[in-house]
Amino acid sequence: MIDLLICYDVKTETEGGRRRLRRVAKICVAHGQRVQNSVFEVSVTDVQLLQMREKLLNAMDVTEDSIRLYRLRQPREKFVEAHGVDKYLDFNEPLIL
1 MIDLLICYDV
11 KTETEGGRRR
21 LRRVAKICVA
31 HGQRVQNSVF
41 EVSVTDVQLL
51 QMREKLLNAM
61 DVTEDSIRLY
71 RLRQPREKFV
81 EAHGVDKYLD
91 FNEPLIL
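Numbers 1 to 97, taken from the UniProt record's numbering, label the letters of the sequence shown in order.
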């Protein structure tokens, strides 16, 4: 699996911008979890990464929006520091409801 940090900035002054913002968020949520307002941590296979990148590029307006994908090093716990409210859930661990 490839762990990524996805950050996006979508211009939302218009209804079209707000629609793009929702589309980008839905694509990211489908593959991971929101860790800040416009920041997601996702875990994908090589094929899923290609599909997700294509969906993100199709959802954005390249003249107004920005999306960045950063590969995270493994293990996450060693390379990611979180301070304050951290809503991260490890989906590889047992989930108790």
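Think of the CB as a built atom: it goes at the ideal place given N, C-alpha and C, for glycine as much as any other residue.
N-terminal and C-terminal residue of the beta strand (DSSP E) that residue i is part of
i: Gln33; result: 32-36
i: Leu56; result: Run containing Leu56: none in the beta strand (DSSP E); it sits in the alpha helix (DSSP H), 46-59.
i: Glu5; result: Per the sequence shown, the amino acid found at residue 5 is Leu instead of Glu. Leu5 -> beta strand (DSSP E) spans 2-9.
i: Leu69; result: 66-71
Alpha-carbon spacing of residue i relative to residue j, whole angstroms
i: Lys11; j: Ser38; result: 12 Å
i: Arg71; j: Leu4; result: 4 Å
i: Ser43; j: Gln33; result: 9 Å
i: Leu69; j: Leu49; result: 10 Å
Residues of its chain near residue i, where Cβ-Cβ distance is below 6 Å and the 5 sequence neighbours each way are ignored
i: Arg73; result: Phe79
i: Cys28; result: Ile6, Phe40
i: Met1; result: Ser43
Own chain, CB closer than 8 Å to residue i, minus 5 neighbours either side, in chain order
i: Glu81; result: none
i: Val47; result: none
Bounding residues of the alpha helix (DSSP H) (the contiguous stretch that carries residue i)
i: Arg23; result: 15-29
Beta-ladder partner(s) of residue i, from DSSP
i: Phe79; result: In DSSP, Phe79 forms no bridge with anything.
Would you check if the segment 5-24 and the segment 55-71 touch, i.e. whether three or more CB-CB distances between them fall below 8 Å? Yes, the segment 55-71 is in contact with the segment 5-24.
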